[in-house]
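Residue 818 in full-length UniProt numbering sits at position 818 of the sequence shown, with consecutive numbering throughout. Glycine is no exception: its CB is placed at the ideal position from the N, C-alpha and C atoms. As structure tokens, the structure follows; a few thoughts come after it.
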Amino acid sequence: MSCPACKTSVSLKYLRMHLENSRHPVCKDLLRELDRDLSSDDDAPSNSDRGRSSKQKLSTRAAFQNSGYKEDSDSPLNGHVAIDPTGDAFGDYQAMGFENISVVSNSSEMDCDIPMELNKTSPSDNLDDGMDSEPYEDYADEAELEDKRFELPRCNTSDAQIDNLCESESNEPSSNTLPDPRQGPAHLPISGTYVKPHIVPFGNSAGQSISQGTSAQEQYPTKVFDERNIYSPFSSKLEWDIARWAKFQNHLSASAVTELLSIDGVVERLDLSFKNSLELNKLIDSKLPSPTPAFERIPFKLGGEVFEVYMRNIMECVKSLFKNPEFAPYLKYAPEKHYTDSSCTIRLYHDMHTGDWWWDTQDKLDKMPAGPGGTIIPIILSSDKTQLMLFRNKSTYPLYMTIGNIPKEIRRRPSSRAYVLLAYLPTSRFSHISSQASRRRCVLNVYHSCMSMILAPLVKPGKDGDLFMNGDGMEYRGHPLYACFIGDYPEQVQATCAMTGDCVECPIPRDQLGDFNLASATDAWRQLAPVLDALRKVESDPVGYHNLAKELRIKPVLEPFWKDLPLADIYRSITPDVLHQLYQGIIKHLISWITEACGAAEIDARCRRLPPNHNVHLFFKGITSLSRVSGKEHAQMCQILLGLVLDIRLPNNISNIPFQRAIRAILDFLYMAQYPVHTSTTLGLMEEALAEFHKHKHIFTTLGIRDSFNIPKLHFASHYVRCIKLFGTTDNFNTEYTERLHIDLTKDAYHATNHKDEYTQMTKWLERKEKMARHESYVLWRLQRATNAPGKSVEWSVPGLDQRRFSHIAKHPTIRNASLDSIQSPSKYGAIHFLPALSRFIALTNNPMLTRAQLDQEVFNTFLQCRSLNVWHSTKLLREDPLTRERSTADIIHARPSTVDRQGRDVPSRFDTILVNEKSTGAEIGIRGRRVGRLRVIFQLPTSVINTMFKDPSKPESVTGLFKVSKSTLQDGTNLAELHQVHGVVAPSLTNVLPST
């Protein structure tokens with residue numbers, strides 16, 4: 001090549017340097033022309049020097065073309081831009097308003113547009129350019145994207161103004177206590193490199209079995225066993241499948257089943273033993289054994305009104321859960337302390353058996369008359385009144401129960417049936433009582449009377465123990481002990497008898513709830529002993545008890561349900577509630593404070609500016625006008641909350657630094673509180689995040705939004721750390737699980753009734769469903785045994801640490817044979833530097849040791865032997881459940897041009913931003929060593945191109961079957977030297993190698 005002005009030989013890469021240093025007038029004229037081209041393109045600002053250098057390269061190419069310069073027609077880069085192999089080959093951002101994405105890695109490299117090549121290959125079809133033949137995709141949510149993005153004029157806040165706003169905070173040291181977001185979840189092991197924890201068992205024969213009996217599956221078929229018919233008492237697999245469909249299909253009424261079976265010939269042709277739903281119910285009631293006890297109807301009279309409690313024997317329910325063969329491989333029988341290593345310096349908390357409560361209670365139990373060797377069965381209760389119908393104000397009050405021996409990964413899945421519906425509590429409001437105080441006292445006494453009656457069977461076996469058998473037939477001396485109560489704040493107040501507005505765990509005065517005292521939050525508990533002493537005086541001195549209850553800040557309940565339960569402490573049993581305390585409590589308050597500080601119009605306008613993303617909900621109408629916001633919607637708001645206020649202006653030019661720090665701190669606490677595994681280090685970070693919020697909460701007082709922070713739910717956040725240390729992580733006790741149980745065990749049951757005497761029908765409906773589920777488990781066990789299929793794996797790892805993602809893409813491309821012109825066209829995919837980037841990728845793949853000059857030459861000499869490629873518009877990242885090994889979608893990445901949907905509406909282009917490893921230095925979690933890029937195209941090279949252009953380093957020599965190796969040398973002929981860590985050496989020597997010729 002030569003300079004188009006002075007004809008001096010110079011490469012395109014160094015043309016500008018030549019023009020700047022040349023003394024020829026013609027070169028100076030060409031340089032001025034080049035600068036004019038640059039200035040005409042400066043409408044779109046560039047924030048990086050490398051972005052400007054890319055523009056310089058484009059204008060350099062234009063200078064060649066405008067000066068009459070023509071490249072050799074054989075050049076592989078004819079018609080394309082030459083690039084710096086070490087620079088950004090993928091062009092600038094244009095679509096979707098991502099011009100100013102900042103760099104997240106420590107390097108100074110800019111963000112890039114990324115073509116993604118698929119690993120799999122397949123022959124391309126000889127079809128035309130497929131843009132017109134693109135299959136229909138569901139773009140209904142995005143078809144009106146531009147119409148919904150109405151925005152108010154943005155407040156003009158310049159960088160200088162932001163600097164002025166920050167001046168008042170310039171002398172304030174920034175907090176270094178919050179975790180570095182580049183590191184990922186703080187101090188948690190990384191999947192792939194995860195080492196099993198060092199476990200310290202309790203010892204002293206705790207949790208040991210005492211005998212071996214018959215397994216639950218072998219005991220089950222005493223009524224239904226038939227050697228020739230696995231599905232007995234159903235006559236065939238077809239009859240079993242129909243019965244299963246009739247009972248498990250959602251919202252399928254009994255009349256619909258009867259109507260189907262009444263069609264002429266259906267029963268005869270299917271050879272069914274039942275002709276309608278009534279006969280099916282009789283078959284289930286008489287032939288199938290029940291895994292759980294039946295409900296009892298207990299009436300009682302109070303205040304002139306008759307109440308009914310539908311309840312089960314709690315001891316039989318506990319034994320049923322403990323005996324469930326599905327849980328047998330995973331049950332925990334004794335407490336353990338988990339550490340990250342054998343030095344026992346960093347403690348791990350996850351499942352309930354890793355907490356301090358089980359350890360301390362086991363120590364107390366061993367000192368009781370029953371002696372050592374007992375197995376604690378922690379009883380977890382949850383209650384929450386729920387509406388059955390929106391009209392007529394029909395409600396029900398279910399009480400659920402589970403046991404802490406079942407790992408949380410199983411308990412949290414509704415399909416595992418690890419929770420049992422224990423009772424339906426009365427819902428009467430005592431409207432016939434005129435005094436409001438008396439009415440409330442009656443409601444509370446009825447609640448505790450019913451709970452005492454339900455839990456009474458736990459008192460004796462809790463002290464002395466009882467025989468419990470697991471699903472494998474192993475027998476234990478079990479002690480069912482009340483451990484935890486799950487509920488929102490009104491339920492907690494009702495269970496603990498605390499005064500409304502007080503903390504249910506500690507004795508802090510109500511007017512000091514907003515003060516953060518770490519020592520008090522960790523060590524101060526409500527004392528149970530004075531309350532029990534006061535309860536002993538009820539009969540002898542009722543007035544004195546009433547006065548003493550006022551001093552203790554409790555309600556004067558006569559018989560609290562926890563009074564006689566062994567080793568129970570109601571105040572320590574209250575667990576964190578992420579749904580109601582954090583999302584529906586603190587976050588709800590925080591959003592209202594942000595709205596009042598920044599203005600609803602500005603917050604909603606910023607919501608509309610956000611680009612689409614698979615894991616981010618788009619609030620096109622904003623978030624400030626929403627009513628009856630669910631916990632899930634609050635969680636979706638949290639994903640965008642901090643981004644909404646990054647550069648926002650506060651009234652009266654008040655600095656927004658403490659505003660942002662307070663929001664960031666509460667979000668840090670929120671997300672760390674939901675870690676599936678905690679260490680003593682991460683618990684310290686939680687406390688520091690909460691302290692950071694309290695340090696900067698004064699900003700809301702300065703803005704006139706809050707006078708005080710005496711909010712019980714905000715105060716309870718200070719108790720999260722000690723609760724996690726006691727009972728394990730918060731996902732052991734999330735009320736979101738029991739909210740889901742309302743649908744399966746209560747609302748579906750109600751809709752299956754005729755709404756008359758509904759509780760009798762609801763309980764019977766549930767019993768039949770439980771029988772069918774137990775029989776299904778038995779049938780699967782018989783089928784597994786008949787086919788000699790392997791049983792379930794019993795290996796159990798610390799839950800929630802698997803951060804791996806598996807790439808998945810559709811079998812067939814969205815566009816077959818998309819032309820290279822459409823891929824590079826700014827109006828379609830916008831990968832304007834696709835060919836140079838692909839050439840660079842091919843060159844570095846074949847020879848990673850190329851110098852810059854060699855890479856430049858290889859890129860220049862690379863020819864792509866095709867003019868079209870198969871293109872996909874999305875790819876999925878999947879996650880795997882550690883227990884079931886089932887995979888679900890974690891994320892979907894889109895890269896598609898604008899199109900038109902079936903209704904003729906314009907659908908905007910979508911090119912998602914992604915994180916990519918920078919030179920394989922990125923960690924599995926966190927963003928250190930990664931770059932932000934915009935995905936432009938997902939494509940696949942034809943097999944013929946791969947075979948021609950890529951060397952196969954793993955292919956052995958054809959004659960000997962040995963692999964050829966060669967030395968990597970520098971330009972001067974000397975060998976290339978590198979340093980490697982010892983653990984990076986994978987083999988001491990190579991045996992099947994052949995020197996290269």
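Local Cβ density within 10 Å of residue i, reported as buried at 16 or more and exposed below that
| i | result |
| --- | --- |
| residue 277 | buried |
| residue 18 | buried |
| residue 593 | buried |
| residue 993 | Summary for residue 993: the model assigns pLDDT 46, below 50, so the residue's position carries little reliability; its value from the coordinates is reported in the next sentence. So residue 993 counts as exposed. |
| residue 42 | Residue placement at residue 42 cannot be trusted, given a pLDDT of 42 that sits under 50; the coordinates are not used to answer. |
| residue 865 | exposed |
| residue 938 | buried |
| residue 247 | buried |
| residue 451 | buried |
| residue 849 | exposed |
| residue 546 | exposed |
| residue 721 | buried |
Proximity of residue i and residue j at Cβ, strictly below 9 Å
| i | j | result |
| --- | --- | --- |
| residue 215 | residue 325 | yes |
| residue 339 | residue 331 | no |
| residue 603 | residue 480 | no |
| residue 617 | residue 588 | no |
| residue 652 | residue 511 | no |
| residue 663 | residue 714 | no |
| residue 447 | residue 745 | no |
| residue 383 | residue 321 | no |
| residue 716 | residue 486 | no |
| residue 538 | residue 497 | no |
| residue 442 | residue 302 | yes |
| residue 728 | residue 360 | no |
Residue i beta carbon near the ligand PLP (any heavy atom closer than 8 Å)
| i | result |
| --- | --- |
| residue 771 | The model depicted lacks the ligand PLP and carries no ligand whatsoever. |
Secondary structure of residue i, DSSP reduced to three states
| i | result |
| --- | --- |
| residue 848 | coil |
| residue 381 | strand |
| residue 447 | helix |
| residue 817 | strand |
| residue 414 | helix |
| residue 771 | helix |
| residue 480 | strand |
| residue 660 | helix |
| residue 903 | coil |
| residue 498 | strand |
| residue 281 | helix |
| residue 311 | strand |
| residue 212 | strand |
| residue 337 | strand |
| residue 808 | strand |
| residue 287 | helix |
| residue 1025 | Any question about residue 1025 goes unanswered here, given that the chain covers just 1 to 997. |
Residues bridged to residue i [DSSP beta-bridge criterion]
| i | result |
| --- | --- |
| residue 613 | 616 |
| residue 891 | 877 |
| residue 421 | 400 |
| residue 349 | 678 |
| residue 574 | 485 |
| residue 201 | 336 |
| residue 467 | 477 |
| residue 375 | 478 |
| residue 387 | 395 |
| residue 305 | 302 |
| residue 828 | Per DSSP, none; premise fails for residue 828. |
4-residue-minimum alpha helix (DSSP H) runs that sit fully inside the region 525-560, ordered along the chain: 528-535, 542-552
Which parts of the region 711-782 are runs of the alpha helix (DSSP H), unbroken and 4 residues or longer, counting only runs that do not cross its ends? Uninterrupted alpha helix (DSSP H) stretches at least 4 residues long and entirely within the region 711-782 occur at 712-716, 720-727, 735-741, 748-751, given in chain order.
Ranges of the alpha helix (DSSP H) found wholly within the region 577-649, counting only runs of at least 4: 588-598, 600-608, 631-644
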